[in-house]
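Read in order, the letters of the sequence shown are residues 49 to 192 in our numbering.
C-beta: ideal position from N, C-alpha, C; glycine also.
Notes follow the structure.
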Amino acid sequence: MGMSAGGGGGANANINVTPLIDVLLVLLIIFMVIQPNVVRGLDTLVPQPPKENQKDMKPDDRTIVVQIALSGGQPVYMINNTPFAKQDIEPKLLSIFETRNDKVMFVKGDKDLDFGRVVEVIDFGHQAGVDNIGIITPRVEQGQ
């Protein structure tokens with residue numbers, strides 16, 4: 049019988065990677081399409097410093113500034129320099145802003161304060177229906 053015994057070469061050990069690359073490119077395109085384009089973060093309104101001729105004017109009585117200061121290592125919450133307990137901030141903001149058309153509030157935090165406390169106050173403002181929340185920075189306070 050004249051059969052050959054195979055020639056001595058082994059099995060072809062090369063892997064065809066073309067289908068693998070095709071699948072990876074399709075997955076890349078799918079993940080790029082479903083990736084949300086929403087940027088997470090807080091929209092803030094930083095007040096601009098007053099012009100030179102407006103520095104002597106006192107702030108509007110309708111301006112609401114929530115301050116968080118540190119006193120003895122403990123945070124002290126104030127609305128327009130009137131102290132409040134933390135649990136009373138949100139109901140007070142609700143009562144202030146329920147009849148207002150312009151729902152703007154500013155938040156001023158102590159420089160040594162944990163930013164989580166400021167975020168809590170911002171969240172209280174959102175719960176009270178405030179549309180624009182600004183952050184007062186030391187530079188704005190100094191008029192720079």
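N- and C-terminal bounds of the beta strand (DSSP E) containing VAL124: 122-127
Beta-carbon spacing of ILE116, VAL74 below 8 Å: no
Residue range of the unbroken beta strand (DSSP E) whose run includes LEU161: It is not in any beta strand (DSSP E) - LEU161 carries neither H nor E in the DSSP assignment.
Per-residue burial, GLY177 [other beta carbons within 10 Å of its own, 16 or more giving buried]: exposed
Closest residue to ARG165 among ASP70, PHE79, GLN135, GLN83 (Cα-Cα distance): Checking every option, the nearest Cα to that of ARG165 belongs to GLN135.
Local conformation of PRO131 per DSSP, three classes: strand
Euclidean distance between Cα positions of VAL167 and ASN129: 19 Å
C-alpha gap between ALA133 and PRO139, whole angstroms: 11 Å
Rounded separation between TYR125 and GLN83 - CA only: Distance from the CA atom of TYR125 to the CA atom of GLN83, rounded to whole angstroms, is 40 Å.
Reduced DSSP category for VAL74 - H, G, I as helix; E, B as strand; rest coil: helix
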